[in-house]
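In our numbering, the protein residues as written are 4 to 240.
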């Protein structure tokens, strides 16, 4: 056990039992990496900094039990996190920082590559930001003539099963940022990424307006907790 885990003014030998557990968990993470830890153990590591004087294992287990997985817990909305007994603002901030870091890393990886030649990075980036959102979001990846990412913007946020999308507003924004191509993305909070008839109709409407202006709609990706769907791959556009 590390002396760093002792409470201020307390002898290391007198520290609570969970401090030894913390050091063992950290050591396992250092030696074997995140794959050696269960979801609740990884959540414990996240909570250590925010709650230095508590046994956080029960809280970590409660988070995973409530939301289903580590990924779903770190992407949970603040209102839902506040419903967890014993989870305060400091701990919520630490949890949300993990999701923010994952999104920033995914965006950095995408920006260094040509979007169409790194489709895995495109999907990873979209999933990091949208797969576990509790409301529908419609976002647009704006690309230049080399298919590098110019901008990524959430254009609309809707309800649990609907987002209003206005095709002319999509194209107007593409012209404003000098994009020559776009990738449309939205999520299905239900978890099922299967496109609806409205999704297909909206995609075709945007592509029809975009084509005469020299803007290509490369794809429309639908993100869900259970996977993703590409309208282009499904030959629906």
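By construction, the Cβ of each residue, glycine as well, lies at the ideal position given by its N, Cα and C atoms.
Distance from the CA atom of residue 45 to the CA atom of residue 137, rounded to whole angstroms, is 23 Å.
For residue 66, the enclosing alpha helix (DSSP H) starts and ends at 60-70.
One alpha carbon belongs to residue 81, the other to residue 211, and they sit about 39 Å apart.
Secondary structure at residue 127: helix, using DSSP grouped into helix, strand and coil. Here residue 177 is near residue 213, since their CB atoms are less than 9 Å apart. With 16 or more other Cβ atoms inside 10 Å of its own Cβ, residue 205 counts as buried. Around the beta carbon of residue 196, 16 or more other beta carbons sit within 10 angstroms, so the residue counts as buried.
Per DSSP, residue 76 lies in no beta strand (DSSP E) segment; the continuous alpha helix (DSSP H) that holds it begins and ends at 73-77. Per DSSP, residue 42 is one residue of the alpha helix (DSSP H) stretching across 42-51.
Going by DSSP, residue 203 is part of no beta strand (DSSP E) but of the alpha helix (DSSP H) stretching over 200-213. Here residue 43 has 63, 64 and 67 as same chain residues with Cβ atoms under 6 Å from its own Cβ, once five neighbours each way along the sequence are excluded.
By the beta-carbon neighbour count (other beta carbons within 10 angstroms, threshold 16), residue 228 is buried. The DSSP-derived three-state label of residue 81 is helix. The beta-carbon distance between residue 168 and residue 140, rounded to whole angstroms, is 11 Å. This is too long to meet the 8 Å contact definition. No Cβ-Cβ contact shorter than 9 Å links residue 226 with residue 173.
Less than 9 Å separates the beta-carbon of residue 135 from that of residue 75. Linking residue 239 to residue 132 through their CA atoms gives a straight-line distance of about 24 Å. Between residue 47 and residue 33, the C-beta spacing is not below 9 Å.
The closest CA to that of residue 180, considering only 207, 193, 208 and 143, is found on 143. Here residue 217 carries a coil assignment [DSSP, helix/strand/coil].
Residue 176: member of the alpha helix (DSSP H) spanning 170-179, first to last residue. With contacts defined as CB atoms closer than 9 Å, residue 31 and residue 39 qualify as a contacting pair.
In this chain, the beta strand (DSSP E) harbouring residue 190 covers 184-190.
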